[in-house]
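This report refers to the structure that appears directly beneath it.
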Amino acid sequence: MSEEKTRLHLVPVRQTDAKAFVATWHRHHKPSPGAVFTVGAADQEGVLRAVAMVGRPVARHFDDGQTLEVTRTATDGVRNANSLLYGATWRAAKALGYTRLITYTQAGESGASLRAAGWTVIAQRRSRTGWNCASRPRQANGTENVARTLWEAKSSNAT
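If you read the sequence shown in my numbering, its first letter stands for residue 25, the second for the next number, and so on.
This is the structure in structure tokens:
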């Protein structure tokens with residue numbers, strides 16, 4: 025099947041299956057430890073081609089009860105899957121009563137899928153040397169010293 029003709033549709037995905045997909049296909053992260061919900065994109069034959077994991081925001085100051093974060097998306101390379109998933113995650117979050125959904129891209133990632141789904145850039149984050157500190161020791165995960173862009177989808181009536 026030609027890649028340009030691959031038609032995708034949304035499918036429910038169990039968290040354990042989403043984690044396995046992320047472990048196989050994500051370029052630089054392990055699966056998130058948990059999620060509020062997960063969703064997938066499958067092709068015409070029903071083959072899972074991409075997943076998104078949505079959970080509570082990693083940054084404590086965003087964890088206000090009204091905000092969720094897309095913590096992982098992963099695809100097998102199929103075109104337009106991330107745009108489909110970013111749009112679907114925002115619709116699902118709104119349906120659950122959330123007023124804001126955020127995610128990050130790393131420097132060098134264009135954000136084209138997010139723009140196509142109607143998300144906007146709200147901040148540029150400088151690179152960090154890591155998250156390890158004396159009060160909370162952490163292992164390096166390979167994404168240190170990488171600048172990030174913070175994106176959001178937000179209800180027009182949210183404050």
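Each residue gets a CB set at the ideal place from its N, CA and C atoms; glycine is no exception.
It should be emphasised that the depicted structure is a prediction, and the values quoted were computed from it without experimental measurement.
Between the C-alpha atoms of residue i and residue j, what's the straight-line distance to the nearest angstrom?
i: VAL60; j: PHE86; result: 15 Å
i: ALA182; j: GLY135; result: Low per-residue confidence applies at ALA182: pLDDT is 48, beneath 50, and the placement is therefore not dependable, though the value from the model is reported in the following sentence. Between ALA182 and GLY135, the C-alpha separation is close to 23 Å.
i: ALA141; j: LEU34; result: 15 Å
i: SER179; j: ALA112; result: 14 Å
i: GLY79; j: GLY89; result: 11 Å
i: ARG38; j: CYS157; result: 34 Å
i: PRO161; j: LYS29; result: 47 Å
i: ALA42; j: GLY58; result: 10 Å
i: ALA105; j: SER159; result: 39 Å
i: GLU27; j: PRO36; result: For GLU27, the pLDDT reaches just 49, beneath the cut-off of 50, and the residue's location in the model is therefore unreliable, leaving the point undetermined.
Among the options, which residue has its Cα nearest to the Cα of residue i?
i: SER137; options: LEU32, THR40, TYR110, ALA117; result: TYR110
i: ALA131; options: TRP143, SER107, VAL46, TRP175; result: TRP175
i: ALA98; options: LYS118, VAL63, ILE146; result: VAL63
i: GLY197; options: SER107, TYR122, ARG31; result: Only positions 25 to 183 of the chain appear in this structure, which leaves residue 197 out of reach.
i: THR123; options: ALA42, ALA177, ARG51; result: ALA177
For residue i, which residues does DSSP report across the bridge?
i: LEU125; result: LEU92, ALA177
i: GLY79; result: GLU93
i: VAL35; result: GLY64
Exercise. Okay, do the region 86-94 and the region 121-135 touch, 3+ Cβ pairs below 8 Å being the bar?
Worked result: yes
Exercise. Does the region 134-151 come close enough to the region 170-178 to have 3 or more Cβ pairs within less than 8 Å?
Worked result: yes
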